[in-house]
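Quick notes on the structure that follows.
Numbering (the UniProt record's numbering), first residue to last: 1 to 387.
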């Protein structure tokens, strides 16, 4: 079986590439990083190591790579002959790969009518749908009909911490042992692609929100409070009992919403939350609070990990989630000088005031209880970083 994976970075190699290999695929990585592409073609294998005491190691073989800038025709041919196509390139790069995927699928239709599944494994809601929309923009009306008949773009929820790292072997990747890859099988044409470790579900939304409101929310809150406390490492931040209590309270609030909205068992969800917190506290993962907290403007958008669960909570329970609000306020205080979005927020606050900044970043309206509570907590944190 042949897999084409767009994105030969650490997540592509250490998460998706590993599972594809363990499922029996020969994987063709597509990337623009010439050094990584050349190394993959030279060695045709790489290692993945677990960030744990045993440092369990896996050898991923039968891989090669294509530079999509230098050899676009090779990418088109690879897609045309693939048994599965996946991507982990970042949401902003998906439009840039859509043209090659469209051309590859067009060529495939001239050779075969065999269905093909294309999965965007991105840290975003509706990643595959977004990619599909970009692919369809490249097609005629008749081609769109054929594409919708034979090609599936099921959305997915993916979760695995792959920290920043510098390894002597530039292909080697260190990842945490835990992972989750959930795919919406209701959108798949034909049979589910055989991928070891993937969970196929009929309704993806509960898993998307559980991941977003637990993993992403929790990770961000630890990062912002850790940064404000002068702590630069994520696992060290969780050794601070005030921060540990803060994250537990935040995830109690999101957990209340999740177990009320969906059919998650309360006891099982509480165990899931503790598993997530323990992942963040893994001493074998050296992850910076500034890396996890980066791009605060994106994280503060009303459809993302902080404001979205807060507004959902208000809608459901008609009360404000105090600890989520504190997390939002902490994000507004995040002032890491090397982060362009953090600088933009701080400049906004200095020039236009905190109320303008709250409205601009969160889209919440002044006068609403949630808005005013964020403002109040922001002012409190200006005096005390954790209160």
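Positions of the beta carbon are idealized from the N, C-alpha and C atoms, including for glycine.
If you're wondering where the values come from, they're calculated on a predicted model, not measured in any experiment.
### Task
Identify which residue in 195, 51, 28, 96 has its Cα closest to the Cα of residue 78.
On the chain shown, position 78 is the one that residue 78 refers to. Distances from the CA of residue 78 to each of 195, 51, 28, 96 were compared; the closest alpha carbon is that of 28.
### Query
Does the distance from the C-beta atom of residue 76 to that of residue 56 stay below 8 Å?
As a first step, residue 76 is located in the chain shown; it is residue number 76 there, counting from the start. As a first step, residue 56 is located in the chain shown; it is residue number 56 there, counting from the start. Not closer than 8 Å, so no.
### Completely contained alpha helix (DSSP H) runs for the segment 276-339, where each covers 4 or more residues
Correct list: 289-292, 296-299, 307-317, 322-333.
### Query
What is the DSSP secondary structure of residue 88, reduced to helix, strand or coil?
As a working mapping, residue 88 is identified with position 88 in the chain shown. In the structure shown, residue 88 adopts coil according to DSSP, grouped into three states.
### Cβ neighbour criterion (16 or more within 10 Å) applied to residue 152
Your numbering for residue 152 matches position 152 in the chain shown. Counting other Cβ atoms within 10 Å of its Cβ, residue 152 reaches 16 or more and is therefore classed as buried.
### Query
In this structure, does DSSP put residue 264 in helix, strand or coil?
What you label residue 264 is simply residue 264 of the chain shown in a count that begins at 1. Here DSSP, grouped into helix, strand and coil, assigns residue 264 to coil.
### Task
Return the chain-ordered list of same chain residues with a C-beta closer than 7 Å to the C-beta of residue 95, the five sequence neighbours on each side being excluded.
If you number the chain shown from 1, residue 95 lands on position 95. These residues qualify, in order along the chain: 134.
### Query
When you compare only the Cα positions, how much space is there between residue 321 and residue 123?
The sequence position of residue 321 within the chain shown is 321, counting from 1. The sequence position of residue 123 within the chain shown is 123, counting from 1. Computed Cα separation, rounded: 24 Å.
### Task
Would you grab the beta carbon distance between residue 119 and residue 183 for me? Rounded to a whole angstrom, and I think it's under 8 Å.
Numbered from its first residue, the chain shown carries residue 119 at position 119. Numbered from its first residue, the chain shown carries residue 183 at position 183. Contact annotation, residue 119 with residue 183: C-beta distance approximately 6 Å; criterion of less than 8 Å satisfied.
### Message
Assuming contact is defined by CB atoms lying nearer than 8 Å, are residue 310 and residue 328 in contact in what I supplied?
### Response
As a working mapping, residue 310 is identified with position 310 in the chain shown. As a working mapping, residue 328 is identified with position 328 in the chain shown. In contact: residue 310 and residue 328 (Cβ atoms closer than 8 Å).
### Message
Looking at the secondary structure, which residues open and close the alpha helix (DSSP H) in which residue 354 lies?
### Response
In the chain shown, the residue the question calls residue 354 occupies position 354. Residues 354-362.
### Query
Exposed or buried, what is residue 377 when buried is set at 16 or more other beta-carbons lying within 10 Å of its beta-carbon?
In the chain shown, residue 377 corresponds to position 377, counting from 1. Label assigned to residue 377: buried.
### Query
What residues in its chain sit with their C-beta under 6 Å from that of residue 10, if we drop five residues either side in the sequence?
The count along the chain shown starts at 1 and reaches residue 10 at position 10. Its chain contains 162, 173 as the residues whose beta carbon lies nearer than 6 Å to that of residue 10, once the 5 sequence neighbours on both sides are disregarded; these appear in chain order.
### Query
Under 8 Å between the Cβ atoms of residue 277 and residue 218?
The residue given as residue 277 occupies position 277 in the chain shown. The residue given as residue 218 occupies position 218 in the chain shown. A Cβ-Cβ contact shorter than 8 Å links residue 277 with residue 218.
### Task
Could you check which residue in 53, 47, 52, 89 has the C-alpha nearest to that of residue 5?
Here residue 5 refers to the residue found at position 5 when the chain shown is read from its first residue. Checked all of 53, 47, 52, 89; the closest Cα to residue 5 is 89.
### Task
Please classify residue 272: does DSSP put it in a helix, a strand, or coil?
In the chain shown, the residue the question calls residue 272 occupies position 272. If DSSP states are grouped into helix, strand and coil, residue 272 belongs with the helices.
### Element boundaries [alpha helix (DSSP H), containing residue 379]
Looking up residue 379 in the chain shown gives position 379. Taken as a continuous stretch (DSSP letters only), the alpha helix (DSSP H) holding residue 379 covers 369-383.
### Task
Determine contact between the segment 339-355 and the segment 282-301, defined as no fewer than three beta-carbon pairs at a distance below 8 Å.
Yes: the two stretches touch, three or more of their Cβ pairs being nearer than 8 Å.
### Task
Compute the Euclidean distance between the alpha carbons of residue 117 and residue 200, then round it to the nearest angstrom.
If you number the chain shown from 1, residue 117 lands on position 117. If you number the chain shown from 1, residue 200 lands on position 200. It is roughly 13 Å from the alpha-carbon of residue 117 to the alpha-carbon of residue 200.
### Message
In the DSSP output, what is residue 152 paired with across the bridge?
### Response
Position 152 of the chain shown, counted from the start, is the residue given in the question as residue 152. Answer is 117.
### Delimiting residues of the beta strand (DSSP E) encompassing residue 67
Looking up residue 67 in the chain shown gives position 67. Boundaries of the beta strand (DSSP E) around residue 67: 63-67.
### Query
In the structure shown, what three-state DSSP assignment does residue 170 receive?
Locating residue 170 in the chain shown gives position 170, where the first residue counts as 1. When secondary structure is reduced to three states using DSSP, residue 170 falls in the coil class, being assigned neither helix nor strand.
### Task
Tell whether a beta-carbon distance below 8 Å holds between residue 86 and residue 16.
Position 86 of the chain shown, counted from the start, is the residue given in the question as residue 86. Position 16 of the chain shown, counted from the start, is the residue given in the question as residue 16. Contact flag set, yes.
### Message
Would residue 334 and residue 179 be called neighbours here (beta carbons separated by less than 8 Å)?
### Response
As a position in the chain shown, residue 334 is number 334, starting the count at 1. As a position in the chain shown, residue 179 is number 179, starting the count at 1. Not a contact, by the Cβ cut-off of 8 Å.
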